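To keep things clear, I will list the structure first and then write my remarks on it.
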């Protein structure tokens, strides 16, 4: 295999995994509440930035990661409480505006305390590139693939075999019916935000040694995660993963074979093409309305 292609695919899988995890968190919140969480990208930023900051003050790597994930979970819980209060009073549109404002507040907070400098995380293991299929890949890329795979398998098991996971799927399918069956829908919404925060922070930590991080690192990633979810099909968990990987690979191949100047435009081009060919995305279902 061409050495350059191996490099591009490695880069695409790394970015695609980050988009996929973020899109998955976005999809869970959308299924549970019907709202679009524009602050999803900030959990990625918090995962990377908090880990870098804590490492800078001498905290061990594993402890720094756990603390960073915990911070992301706490902010997700705060956002969920605000979202529930707003949803009960003003509806979904106001919740969407709330998530935009919440993301801006988080970025401003991080910028005020830790500045605008770009930070990087040390690799989990050796930084020495590995030979693979005639090209080279970073060991951290293998960590990205392994962690993403483990997280996806764990979530798959959770939703398929655990009682809470099945309750989540029931509430996401029809909240009113689920509530009549005794399912705590408010807890399900909290769970969606917590899982989304966990997914985002893990993505920020595991890709941090490759992609770097800064106070505004989550803005574009969050937007691309939404695009990935739309491309895969709104509300589809497999679609979110496929959409994220597709966007990451398309960006990497475009940057490698055409120009990196067009990389950020690729997701928007893809979503336009998908709207023209499959308006509901690859795995989305058509919305039927009674007349």
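Residue numbers (this note's numbering): 41 to 331. Think of the CB as a built atom: it goes at the ideal place given N, C-alpha and C, for glycine as much as any other residue. As the structure is a prediction and not an experimental result, all values here were calculated from the model.
If you run the structure through DSSP and keep just helix, strand and coil, what is residue i?
i, result
"residue 206", "helix"
"residue 177", "strand"
"residue 158", "coil"
"residue 253", "strand"
"residue 330", "Only weak support is given to the placement of residue 330: the predicted model assigns it a pLDDT of 41, under 50, and the question is left unresolved by the model."
"residue 128", "helix"
"residue 332", "Residue 332 is absent from the structure shown; the chain starts at 41 and stops at 331."
"residue 54", "helix"
"residue 324", "coil"
"residue 139", "helix"
"residue 166", "coil"
Considering Cα atoms alone, identify which of the options is closest to residue i.
i, options, result
"residue 64", "122, 227, 223 and 282", "282"
"residue 277", "325, 263, 296 and 293", "325"
"residue 96", "162, 182 and 312", "162"
"residue 86", "68, 253, 304 and 46", "253"
"residue 72", "293, 275, 317 and 285", "275"
"residue 159", "257, 289 and 56", "257"
"residue 50", "191, 291, 313 and 114", "291"
"residue 61", "238, 148 and 209", "238"
"residue 76", "285, 243, 233 and 101", "233"
"residue 152", "272, 299, 255 and 311", "255"
"residue 230", "106, 115 and 99", "115"
"residue 105", "249, 213 and 127", "249"
"residue 273", "216, 52, 68 and 58", "68"
"residue 118", "74, 146 and 320", "146"
"residue 207", "309, 59, 225 and 194", "225"
"residue 287", "297, 265 and 99", "265"
"residue 361", "299, 310, 300 and 302", "Any answer about residue 361 is impossible in this case: the structure gives the chain only from 41 up to 331."
"residue 94", "154, 204 and 315", "154"
"residue 246", "133, 289, 305 and 188", "188"
"residue 56", "270, 243, 297 and 323", "243"
"residue 196", "235, 103 and 312", "235"
"residue 53", "150, 101 and 185", "185"
"residue 183", "308, 164 and 198", "164"
"residue 263", "131, 101 and 307", "307"
"residue 323", "268, 211, 295 and 218", "268"
"residue 90", "107, 100, 102 and 74", "107"
From the DSSP secondary-structure annotation, give me the bridge partner or partners of residue i.
i, result
"residue 171", "176"
Quick one: does residue i have its CB under 9 Å from some CB of chain B?
i, result
"residue 205", "Structure shown: chain B not included; a single protein chain is present."
With a threshold of 8 Å (Cβ to nearest heavy atom), would residue i be considered close to the ligand ADP?
i, result
"residue 93", "As far as ligands go, the structure on display features none, and thus does not contain the ligand ADP."
Quick check: the segment 117-124 against the segment 139-154, are at least 3 beta-carbon pairs closer than 8 Å?
By the criterion of at least three beta-carbon pairs nearer than 8 Å, the segment 139-154 is in contact with the segment 117-124.
What are the complete alpha helix (DSSP H) segments, minimum 4 residues, inside the segment 62-116?
Scanning the segment 62-116 for uninterrupted alpha helix (DSSP H) segments of 4 residues or longer gives 80-96, listed from N- to C-terminal end.
Any chance you could list the alpha helix (DSSP H) runs of at least 4 consecutive residues sitting entirely within the segment 241-321, in chain order?
Here the runs fully enclosed are 257-272, 277-297 and 306-317.
With three or more C-beta pairs closer than 8 Å as the rule, is the segment 45-59 touching the segment 162-180?
In short, these stretches touch, since the Cβ pair count reaches three.
Tell me, please, whether the segment 79-94 touches the segment 257-269 by the rule of three or more beta-carbon pairs shorter than 8 Å.
Touching, yes, given that three or more Cβ pairs across the two stretches are closer than 8 Å.
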